[in-house]
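Visitor: At position 568 of the sequence shown the residue is numbered 568 (the UniProt record's numbering), and the sequence of numbers has no breaks. Where is the CB? At the ideal position from N, CA and C, for every residue including glycine.
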Amino acid sequence: MRLPFIFVTGACRSALRLQQRQFLSPFPALRKPQSIFALRFMSTQLCKDDRSFYITTPIFYVNASPHLGHLYSAVIADCLHRYKALQGFNSKFATGTDEHGLKIQQAAEAAGKDPLTFCTEVSERFKHLFSSCSISYTDYIRTTQQRHRQAVEHFWSELQSKGLIYKGSYEGWYSTQDESFLMPSQVGDSLDSSGKEIKVSLESGHKVEWMKEENYMFRLSVFRTQLLDWLRGNPRAVQPERFHQAVLQWLQEDLPDLSVSRQRSRLQWGISVPGDAEQTIYVWLDALVNYLTVAGYPDKHDQWWHVAHHVIGKDILKFHAIYWPAFLLGAGLPLPQVIHVHSHWTVEGKKMSKSLGNVVDPLERSQMFTTDGMRYFLLRQGVPDSDCDYTDDKVMKLLNAELADTLGGLLNRCTAPALNPTQVYPSFCPQSFPTEQGGRAVVEDYHMLDAVKVLPAVVEMHFENLNVYKALEAISACVRQTNGFVQRHTPWKLDRRDSKDQRWLDTVIHVSLECLRIYGTLLQPIVPEISDRLLSRLGVRPSERSWAALNFLPRYAGMDCPFEGRALGSDSGVLFSRLESQKGDKQKPKKTKKSANLK
Ligand code: MSP
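#1: Considering only C-alpha positions, which residue in the set L449, A74, G357, E464 is nearest to H510?
#2: Determine the direct distance from the alpha carbon of R147 to that of H154, and round the result to whole angstroms.
#3: Could you tell me whether the Cβ atoms of W305 and L317 are closer together than 8 angstroms?
#4: At a cut of 8 angstroms, does the segment 84 to 99 reach the segment 377 to 392 through at least three beta carbon pairs?
#5: Between the segment 198 to 208 and the segment 240 to 254, are three or more C-beta pairs nearer than 8 angstroms?
#6: Under 8 angstroms by Cβ, that's how I've got G569 and R537 pegged, so tell me the actual separation to the nearest angstrom.
#7: For H320 and T370, what's the separation of their Cα atoms in angstroms?
#8: Any idea what DSSP makes of R262, helix, strand or coil?
#9: With a 10 Å radius around its C-beta and 16 neighbouring C-beta atoms as the bar for buried, classify Q22 as buried or exposed.
#10: Which two residues bound the contiguous beta strand (DSSP E) that contains I198?
#11: Quick one: give me the first and last residue of the alpha helix (DSSP H) that G349 is part of.
#12: For the ligand MSP, which residues count as neighbours when the test is a C-beta closer than 5 angstroms to any heavy atom?
#13: Can the beta-carbon of G520 be found less than 8 angstroms from the beta-carbon of S531?
#14: Please say whether P58 and A151 have beta carbons closer to each other than 8 angstroms?
#15: Just list the residues that DSSP pairs G270 with in beta bridges.
#16: Just to check my reading of the structure: E213 and K103 have Cβ atoms closer than 8 angstroms, yes? What is that Cβ distance to the nearest angstrom?
#17: For the beta strand (DSSP E) holding Q279, just list the boundary residues, first then last.
#18: Could you give the residue range of the beta strand (DSSP E) that holds K92?
#19: Which residue spans inside the segment 375 to 405 form an unbroken alpha helix (DSSP H) run of at least 4?
#20: Are the Cβ atoms of I141 and A94 separated by less than 8 angstroms?
#21: Do you know whose CA, among G270, S52, K84, S132, lies nearest F145's CA?
#22: Between which two residues does the beta strand (DSSP E) carrying G409 extend?
#23: Taking only runs of the alpha helix (DSSP H) that begin and end inside the segment 476 to 533, which ones reach a length of at least 4 residues, in chain order?
#24: Give the secondary structure of E580 by DSSP, where H, G and I count as helix, E and B as strand, and everything else as coil.
#25: State the CB to CB distance for the pair R82 and P542, rounded to an integer number of angstroms; the pair is presumed to be in contact (CB under 8 angstroms).
#26: Count the other CB atoms within 10 Å of the CB of S131; is the residue buried (16 or more) or exposed (fewer)?
#27: Would you decide whether T97 is buried or exposed? Buried here means 16 or more other CB atoms lie within 10 Å of its CB.
#28: Pull up the distance between the alpha-carbon of K500 and that of Y556, whole angstroms please.
#29: Nearest by alpha-carbon distance to E209: which of E99, Y282, D189 is it?
#30: Do you know whose CA, among D50, Q239, W345, W492, lies nearest L505's CA?
#31: Can you give me the Cβ contacts of Q263 inside the same chain, cut-off strictly under 6 angstroms, excluding the 5 residues immediately before and after it?
#32: Helix, strand or coil for Q177? Go by DSSP, reduced to three states.
#33: Mapping the DSSP letters down to three states, classify T56 as helix, strand or coil.
#34: So, are the CB atoms of L411 and L516 less than 8 angstroms apart?
#35: In this structure, does DSSP put Q239 in helix, strand or coil?
#36: Can you name, in chain order, every residue of its own chain whose Cβ lies under 8 angstroms from the Cβ of V273, other than the five neighbours on each side?
Written out as structure tokens, the structure reads:
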């Protein structure tokens, strides 16, 4: 019988990609129409006919080496960039380093180096980390580059020509560590390491100093209403919701004008105010413009600028959701489409900091757990809404359970020569797994097909909201279901000499490989190397790995399957080696026997 199809229709091209041919289980209780209706909601979100996408990370301060939190920001953005590319978008992905300001000037002095040499050294360390961790940026910006200086000068002149910058006098608290001005209500008392009384920022805990100087002010106060209108009219502009609410709350309070320059005598390491060599542009204004520089500002930024998405940590929300949109409104430029905010990683419940000596080195950890292992952990455990705690033990347990045992075990079983002596993608037998009851498939098997069929749309919805952990939760649940399917039918017990058993065995393996193909394709943005190994082992060619190729189990719907009868890839190595605890709590990958999970 031909299946009746339910289509999720949308008006635009993007939505068409979401059309899902639903498997209708022969067991009515298992039908899940609500998941399909959920897709309709999603399609409205994607209704843009634009095929360009622009994603950025914050640019990283070069006063210290990269830590786990930096890698986290980069991995999130990389995941979104890879996902959009798989969907056929022309995606630009920018990252880089924030090299000006007092903090960097002081760090270079302390290191006894000239600022540019110092910046280049640390910037290279970030670059090295990113290339080691498969961060596939398309542009790496440094704020000391000439193209950036030109963009900042132009941007400043635009604001000035609109009467938004005036000479004034600023008096108030300043945190050099955060490069941030603070209201008296944001400052508290504390003691430094020698027991001396100091003032600190209540939010970051960093020391603040009283500052009084002549400089240029930006008319931030005039943008309060426009910012409120923008946020109220675009409830998804800042995600997740709790951060959107936080910005709205800040805007209920007073919004004073902002000092946007420092006296040259105090800060030399920065871009001079055009036409006034005695003043240096405020490092945050300088840094935020990096997003425009990469987009091609001031001459050719249109293609990218109207599809800009920023990934940022929660500590820099005010700069991105208040100062930056106000600057952009002032310069007459469109606002970012979405500001994706993530929370922080702590270590044993404490903030990571050099003084506490608990900074997690991301390069060392990615060597210990593999690059894909670290990527998987960060994206599987990182919840944008709330802080997450890091321990090596958690990483090891998660990777062993989900990558080595469940996913690796499944691939192992289904491709092992003992079950698949000819090493081809076997045939699907519609009589053994019919769309109506009566074959050898049982109720849970139909349930699994339903789940895997809608999985791409579920994953898409979570990627769009940057809830990558939810996407991984859904994939992981399906992988477990497929393992259960194989376990339930114990194909290794079937009698190959019996033609019916042989057809059923082939069908069980065919269905399992189809599931694995879907998982491998969906996991590409998260674990690119593992996915490549998995898909290559299944014989899936690079041109067959896009979102458009996610057509699960076409034989069940009476269509041809391009993989049926195709030779499997020759690399039968372990997908992910189990990690073992070593002395001193260091882990290292352990070689496992390929056939360890056969039964
Ligand atoms: N230079 C500014 C950003 C300018 S963007 C125009 C900056 N740099 S940073 O190096 O301090 O931080 C970069 C990113 O790392 C931020 O998104 C920040 O939230 C993130 N992280 C820093 N510590 C973190 C954790 N402990 N956990 C997760 N991410 C955190 O701010």
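Guide: Reading off the structure:
#1: L449
#2: 11 angstroms
#3: Not closer than 8 angstroms, so no.
#4: no
#5: The segment 198 to 208, when compared against the segment 240 to 254, does not touch it at the 8 angstroms Cβ threshold.
#6: 5 angstroms
#7: 33 angstroms
#8: Strand at R262.
#9: With a pLDDT of only 38 at Q22, under the threshold of 50, the placement of this residue in the model should not be trusted, and no figure is reported.
#10: Segment 197 to 201, the beta strand (DSSP E) holding I198.
#11: Run containing G349: none; DSSP gives neither H nor E here.
#12: P58, I59, F60, Y61, G69, H70, Y72, S73, D98, A287, L288, I312, G313, D315, I316, H344, W345, M352
#13: yes
#14: no
#15: Beta-bridge pairing by DSSP links G270 to no other residue.
#16: Between K103 and E213 the Cβ distance is about 17 angstroms, and since that is not below 8 angstroms, they are no contact.
#17: 276 to 281
#18: Note, K92: beta strand (DSSP E), 90 to 98.
#19: 392 to 398
#20: Taking 8 angstroms as the cut-off, the Cβ atoms of I141 and A94 count as close.
#21: Before going further, note that residue 145 is Gln rather than Phe in the sequence given. Per the Cα distances, G270.
#22: Note, G409: premise wrong, no beta strand (DSSP E); alpha helix (DSSP H) at 409 to 415.
#23: Those alpha helix (DSSP H) runs which fall completely within the segment 476 to 533 and span 4+ residues are 499 to 523.
#24: Note: E580 maps to strand in three-state DSSP.
#25: So it is not a contact: roughly 14 angstroms between Cβ atoms.
#26: exposed
#27: buried
#28: 18 angstroms
#29: D189 is the residue among E99, Y282, D189 whose C-alpha sits nearest the C-alpha of E209.
#30: W492
#31: E213
#32: coil
#33: strand
#34: yes
#35: strand
#36: W156, Y216, S261, Q279, T280, I281
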